[in-house]
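Take the sequence shown: its letters are residues 41 to 331, numbered as in my numbering. Backbone N, C-alpha and C fix where the C-beta goes; we use that ideal spot for every residue, glycine too. So the structure is just underneath, and the comments pick up after that.
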Amino acid sequence: MVEKLKTGKPEIIYPKNSILGEGPIWMPDTKSLIWLDIKGKSLNTFSYITKNFKEINLVKTTTWILPILNSNLFLVGTEDGVEEYNYKENKFELKLQIEGDLPNNRLNDAKIDQNGNLWFGTMDDTEKEESGTFYCLKSNYELIKIDDSYTVTNGPAITYDDKKLYHVSSLQKKVFSYDKNNTKLSNKRIFFELDQNDGYPDGLTLDNENFLWLAVWGGSKVVRISPYGEVDKIITFPTSQITSCVFGGPEMNILFVTSAAVGKNISEDVHAGNLFSVETNKKGTPSPHFG
């Protein structure tokens with residue numbers, strides 16, 4: 041029998057007002073959380089063991105960071121494309137330029153599947169044009185175009201059996217699902233849609249029961265959604281621009297949640313851009329590695 045969901049109240053882990061906190065990832069080897077401030081050009085780490093925080097200033101706008109197989113380097117998305125990043129030396133090496141002919145576009149969000157393929161999207165940084173594209177990057181750096189005509193791409197999230205992929209079109213307020221067969225997707229359909237009076241779907245993650253946890257920008261919440269597209273739980277936060285979430289902690293049962301302060305009056309919205317945590321009785325799985 042599946043245990044009923046239990047959650048604690050959101051706690052503030054890091055009170056800094058990140059301009060655009062995004063891309064949280066749990067590193068099980070070091071028991072630490074890494075996340076980015078895209079607009080603030082910084083990389084942040086939180087050690088669960090020491091409770092210490094570290095902030096690194098970046099020379100490039102960096103939108104996501106993910107592990108590489110058998111390497112101390114990370115794969116990152118930057119203003120120039122897909123790069124390898126040396127954390128210790130704070131150095132970037134461009135591996136593949138993305139959409140150099142679209143100066144207003146940038147990479148936005150990414151995940152790695154069980155086969156080591158990278159799935160990521162691009163977006164119009166002015167959030168006006170439908171110039172965004174959804175891609176798959178194989179470990180040999182072969183780039184496959186999956187879908188296009190997005191204004192703001194978000195997600196994705198991939199089920200643990202590697203048979204379904206979820207992807208977000210934020211301005212359409214829709215979460216799509218696809219049937220997945222390695223690097224091929226099919227049967228695109230609307231999985232979940234937010235009401236027009238609600239906020240916008242942003243980053244998302246999955247727990248081990250394949251329930252989706254969706255951050256809602258402008259909605260002050262994370263929504264847990266069943267595999268059938270039904271709302272199971274809503275967790276509210278003391279700031280509106282919730283951006284992404286990931287499971288972590290020694291038992292993989294803590295949901296870490298990022299937020300953004302961009303456009304906010306910090307004297308009125310004091311928690312905008314904070315990093316939050318929510319203890320749950322559900323678990324996630326660390327990110328697979330690229331390669």
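Quick check: the Cα distance between Trp253 and Leu246, rounded to an integer number of angstroms? Here the question's residue 253 lines up with position 213 in the sequence shown. Here the question's residue 246 lines up with position 206 in the sequence shown. So the two alpha carbons sit approximately 6 angstroms from each other.
If we count the other Cβ atoms within 10 Å of its Cβ and call it buried at 16 or more, is Asn112 buried or exposed? Within the sequence shown, the letter at position 72 stands for residue 112. So Asn112 counts as exposed.
May I have the straight-line CA-CA distance separating Asp238 from Asn144, to the nearest angstrom? Here residue 238 refers to the residue found at position 198 of the sequence shown. Here residue 144 refers to the residue found at position 104 of the sequence shown. One alpha carbon belongs to Asp238, the other to Asn144, and they sit about 27 angstroms apart.
For Arg146 and Ile335, the rounded distance between their alpha carbons: This structure cannot speak to residue 335, because the chain is shown only from 41 to 331.
Kindly identify the DSSP beta-bridge partner or partners of Thr279. Reading the sequence shown from its first residue, position 239 is the one you call residue 279. According to DSSP, Thr279 bridges with nothing at all.
Can you look up Gly121 in the DSSP assignment and give me helix, strand or coil? Your numbering for residue 121 matches position 81 in the sequence shown. Correct three-state label for Gly121: strand.
Does DSSP put Gly48 in a helix, in a strand, or in coil? As a position in the sequence shown, residue 48 is number 8, starting the count at 1. The DSSP-derived three-state label of Gly48 is coil.
Assigned secondary structure, Ala301 (DSSP; H/G/I helix, E/B strand, else coil): Counting from 1 along the sequence shown, the entry for residue 301 is found at position 261. Looking at Ala301 - three-state DSSP - the assignment turns out to be coil, as it is neither helix nor strand.
Return helix, strand or coil for Lys168, following the three-state DSSP convention. Taking the first residue of the sequence shown as position 1, residue 168 is located at position 128. In this structure, Lys168 counts as coil in the three-state DSSP scheme.
So, helix, strand or coil for Ser266, using DSSP? Position 226 of the sequence shown, counted from the start, is the residue given in the question as residue 266. Residue state, collapsed to three classes: coil.
Shortest alpha-carbon distance to Thr173 belongs to which of Asn194, Glu182, Asn155, Thr166? For this step, residue 173 is matched to residue 133 along the sequence shown. Thr173 has its Cα closest to that of Asn194, out of Asn194, Glu182, Asn155, Thr166.
Use the C-beta contact count for Asn221: other C-beta atoms within 10 angstroms, 16 or more gives buried, fewer gives exposed. Locating residue 221 in the sequence shown gives position 181, counting from the first residue. It counts as exposed.
Excluding sequence positions up to five away, which residues of its chain have a Cβ less than 6 angstroms from the Cβ of Thr199? Translated into the one-based positions of the sequence shown, residue 199 becomes position 159. Same-chain partners within the cutoff: Asn250.
Can you say whether Gln281 is buried or exposed, counting buried as having 16 or more other CB atoms within 10 angstroms of its CB? Along the sequence shown, read from residue 1 onward, the residue named residue 281 stands at position 241. Buried is the call here.
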